[in-house]
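Quick note, the numbering used here runs 6 ahead of the 1-based positions in the sequence shown.
Accompanying notes for the structure given below.
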Amino acid sequence: MNEKAYLCIDLKSFYASVECVERGLNPMTTNLAVADPERGEGTICLAISPSMKALGIPNRCRVYQIPKNVDYIMAPPRMKLYIEYSADIYAIYLKYISKDDIHVYSIDEAFLDVTDYLGMYKMSAEELAVCIMEDIKSATGITATAGVGTNLYLAKVALDILAKHNSDNIAYLDEELYRKKMWDYKPLKDFWRVGKGVEKRLSEIGIMTMGDIARADEKILYKMFGVDAELLIDHAWGRESTIMADIKSYRPKSNSLSSSQVLLRNYDYKECLIVLKEMTDSLCLDMVEKGLVTESLSIIIGYAYEYEHDSARGTQSMTVCTNLYSMIMPYAVSLYERIADKNIPIRRISLTFNNVMDESYEQYDLFTNIKNAEIEKNLQRSVLDIKNRFGKNAVLRGMDLLESGTAMERNRQIGGHRSG
Numbered sequence: 007m008n009e010k011a012y013l014c015i016d017l018k019s020f021y022a023s024v025e026c027v028e029r030g031l032n033p034m035t036t037n038l039a040v041a042d043p044e045r046g047e048g049t050i051c052l053a054i055s056p057s058m059k060a061l062g063i064p065n066r067c068r069v070y071q072i073p074k075n076v077d078y079i080m081a082p083p084r085m086k087l088y089i090e091y092s093a094d095i096y097a098i099y100l101k102y103i104s105k106d107d108i109h110v111y112s113i114d115e116a117f118l119d120v121t122d123y124l125g126m127y128k129m130s131a132e133e134l135a136v137c138i139m140e141d142i143k144s145a146t147g148i149t150a151t152a153g154v155g156t157n158l159y160l161a162k163v164a165l166d167i168l169a170k171h172n173s174d175n176i177a178y179l180d181e182e183l184y185r186k187k188m189w190d191y192k193p194l195k196d197f198w199r200v201g202k203g204v205e206k207r208l209s210e211i212g213i214m215t216m217g218d219i220a221r222a223d224e225k226i227l228y229k230m231f232g233v234d235a236e237l238l239i240d241h242a243w244g245r246e247s248t249i250m251a252d253i254k255s256y257r258p259k260s261n262s263l264s265s266s267q268v269l270l271r272n273y274d275y276k277e278c279l280i281v282l283k284e285m286t287d288s289l290c291l292d293m294v295e296k297g298l299v300t301e302s303l304s305i306i307i308g309y310a311y312e313y314e315h316d317s318a319r320g321t322q323s324m325t326v327c328t329n330l331y332s333m334i335m336p337y338a339v340s341l342y343e344r345i346a347d348k349n350i351p352i353r354r355i356s357l358t359f360n361n362v363m364d365e366s367y368e369q370y371d372l373f374t375n376i377k378n379a380e381i382e383k384n385l386q387r388s389v390l391d392i393k394n395r396f397g398k399n400a401v402l403r404g405m406d407l408l409e410s411g412t413a414m415e416r417n418r419q420i421g422g423h424r425s426g
């Protein structure tokens with residue numbers, strides 16, 4: 007059996023690179039930050055160009071964190087354009103690899119299982135990676151980086167920690183090389199699936215590197231992390247059992263629909279309630295369009311940064327399983343009133359409809375007026391038809407016109423950012 011070969015390809019400073027290419031500028035030498043100037047200096051930069059990173063400026067910085075002596079272009083986000091570039095690059099992958107062997111990890115990153123293609127192309131995995139990277143550069147002007155590994159994890163680590171710092175933008179790892187090169191590497195949080203919290207807990211017992219994890223008493227790790235310790239130990243040795251076929255065949259046990267937003271200013275308790283109602287309305291229409299219903303919802307509230315107050319969160323079960331706005335709204339408002347602190351300004355809010363299921367599971371309680379429910383459902387479908395034909399802002403609720411409402415602006419965006 008041939009040794010597996012995976013590529014993990016990332017598009018370097020993707021959003022910033024697209025903006026540079028569109029302006030006829032070199033992404034590697036132009037100072038450019040993708041950020042919405044209308045959101046003020048506190049807004050987060052979606053991306054900064056490599057030349058700005060070379061100055062020590064962190065990628066996901068806020069605008070005010072960019073030193074005043076740095077001259078740069080501020081480019082408003084154009085999400086529709088980025089999606090078009092990403093689709094074009096996916097089409098390049100398809101020139102070389104079947105879609106069954108490609109897993110799109112994010113808009114700017116993908117895993118490719120190239121095991122069965124190397125013999126056909128008479129290339130090594132590294133040579134095929136270079137060929138694809140050069141095709142991307144030639145067709146779009148975007149520079150790609152690639153990690154090559156004998157499993158998915160090693161390909162990802164090779165990309166994240168090694169390739170992005172190599173002059174040729176490519177790096178290779180197998181299990182043996184991983185132990186030689188990565189066992190003493192710090193910090194641990196740079197490794198895939200190891201966050202700051204895990205790093206902190208490990209440091210408290212003297213574990214600072216992947217080598218330390220590999221040599222540690224497994225009983226201690228299982229006591230600290232439960233079943234997650236198994237993955238941590240496997241990764242410490244450079245092992246990963248998941249293959250592309252597993253990813254393609256995976257089906258989650260339950261699904262959810264969610265909406266979240268960072269508000270452009272601090273909202274008080276009553277203002278944020280308007281935003282929650284807008285989000286509830288939007289998610290209900292999403293469920294109607296997808297033929298789904300829900301029986302519970304969750305809310306997370308993040309308070310203004312300067313107050314350093316823990317976020318509030320809660321879940322509310324319902325006596326109905328539905329997608330009707332009039333039935334879900336009272337539960338959302340009740341949960342919000344129960345968990346929100348009325349005295350602290352709010353800056354972030356997230357709403358999730360849990361365990362969404364097919365509309366055939368719709369269920370009402372004894373107090374439901376079935377006739378009115380059908381009238382509302384038909385009305386929701388009509389609203390969707392109008393929005394799909396004439397745009398999301400073609401039909402609005404009165405609350406959307408209030409100063410604190412965000413729905414009209416959100417409807418013009420993709421992923422919470424300007425579409426173009």
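We put the CB at the ideal spot given by N, CA and C, even for glycine.
{"Query": "Residue span of the alpha helix (DSSP H) that contains T146, given as start and end", "Result": "131-146"}
{"Query": "Collapsed DSSP secondary structure at T35 in the structure displayed", "Result": "coil"}
{"Query": "V110, enclosing beta strand (DSSP E) - first and last residue", "Result": "108-112"}
{"Query": "For M85, the three-state DSSP class (helix, strand or coil)", "Result": "helix"}
{"Query": "Where the beta strand (DSSP E) through M324 begins and ends", "Result": "318-328"}
{"Query": "Nearest-angstrom Cα separation, counted from G320 out to L31", "Result": "48 Å"}
{"Query": "Chain-order list of residues whose beta-carbon lies under 6 Å from that of Y99 (same chain, five-residue window excluded)", "Result": "I108"}
{"Query": "Start and end residues, beta strand (DSSP E) containing F373", "Result": "F373 -> no beta strand (DSSP E), and no H or E assigned at all."}
{"Query": "One or two residues paired with S304 in a DSSP bridge", "Result": "T321, T358"}
{"Query": "From A135, I211, L208, residue whose alpha carbon lies closest to that of K178", "Result": "The question names Lys, but residue 178 is Tyr in the sequence shown. Ranking A135, I211, L208 by Cα distance to Y178 puts A135 first."}
{"Query": "C-alpha gap between I345 and M58, whole angstroms", "Result": "41 Å"}
{"Query": "Contacting residues, own chain, Cβ-Cβ under 6 Å from K202 (five flanking each side not counted)", "Result": "K195"}
{"Query": "Cβ-Cβ distance between S55 and A39 below 9 Å", "Result": "yes"}
{"Query": "Reference I219; option with closest CA among E210, A242, N272", "Result": "A242"}
{"Query": "Selected residue, minimal CA-CA separation from N430, among P336, L407, S332", "Result": "The chain is shown from 7 up to 426; residue 430 falls before or after that span and cannot be answered."}
{"Query": "Under 9 Å between C-beta atoms of G263 and T358", "Result": "The displayed chain sequence assigns Leu, not Gly, to residue 263. Their beta carbons are under 9 Å apart, which means L263 touches T358 by this criterion."}
{"Query": "Where K10 falls, given that 16 or more other Cβ within 10 Å makes a residue buried", "Result": "buried"}
{"Query": "Stretch pair the segment 378-396 + the segment 288-303: three plus CB contacts closer than 8 Å", "Result": "yes"}
{"Query": "Terminal residues of the alpha helix (DSSP H) in which D240 lies", "Result": "234-242"}
{"Query": "Under 9 Å between C-beta atoms of Y102 and L87", "Result": "no"}
{"Query": "Runs of alpha helix (DSSP H) lying entirely within the segment 209-295, each at least 4 residues, in chain order", "Result": "216-221, 224-231, 234-242, 250-255"}
{"Query": "T146 beta carbon less than 9 Å from that of M139", "Result": "no"}
{"Query": "Distance between T156 and D174 (C-alpha atoms, nearest Å)", "Result": "20 Å"}
{"Query": "For P336, the nearest candidate out of M129, Y273, D287 (CA to CA)", "Result": "D287"}
{"Query": "Rounded separation between L52 and F373 - CA only", "Result": "48 Å"}
{"Query": "Buried or exposed by the 16-neighbour rule on C-beta atoms within 10 Å, applied to Y311", "Result": "exposed"}
{"Query": "Separation of L168 from R207, as counted between CA atoms", "Result": "25 Å"}
{"Query": "Three-state class that DSSP yields for K383 in the structure shown", "Result": "helix"}
{"Query": "CA-to-CA distance, V233 to Q369, given in whole angstroms", "Result": "36 Å"}
{"Query": "Through-space distance from C14 to M7, alpha-carbon basis", "Result": "Low local confidence applies: a pLDDT of 49 at M7 is under 50, so the model's placement there is unreliable, with the coordinate-based value given in what follows. Between M7 and C14, the C-alpha separation is close to 22 Å."}
{"Query": "6 Å CB neighbourhood of R416 in its chain, flanking five on each side removed", "Result": "none"}
{"Query": "Reduced DSSP category for A22 - H, G, I as helix; E, B as strand; rest coil", "Result": "helix"}
{"Query": "For A11, three-class secondary structure by DSSP", "Result": "coil"}
{"Query": "Beta-carbon gap between Y309 and P258 smaller than 9 Å", "Result": "no"}
{"Query": "Status (buried if at least 16 other CB within 10 Å, exposed otherwise) for M4", "Result": "Outside the shown range of the chain (7 to 426) lies residue 4, about which nothing can therefore be said."}
{"Query": "Straight-line Cα distance separating M216 from W189", "Result": "5 Å"}
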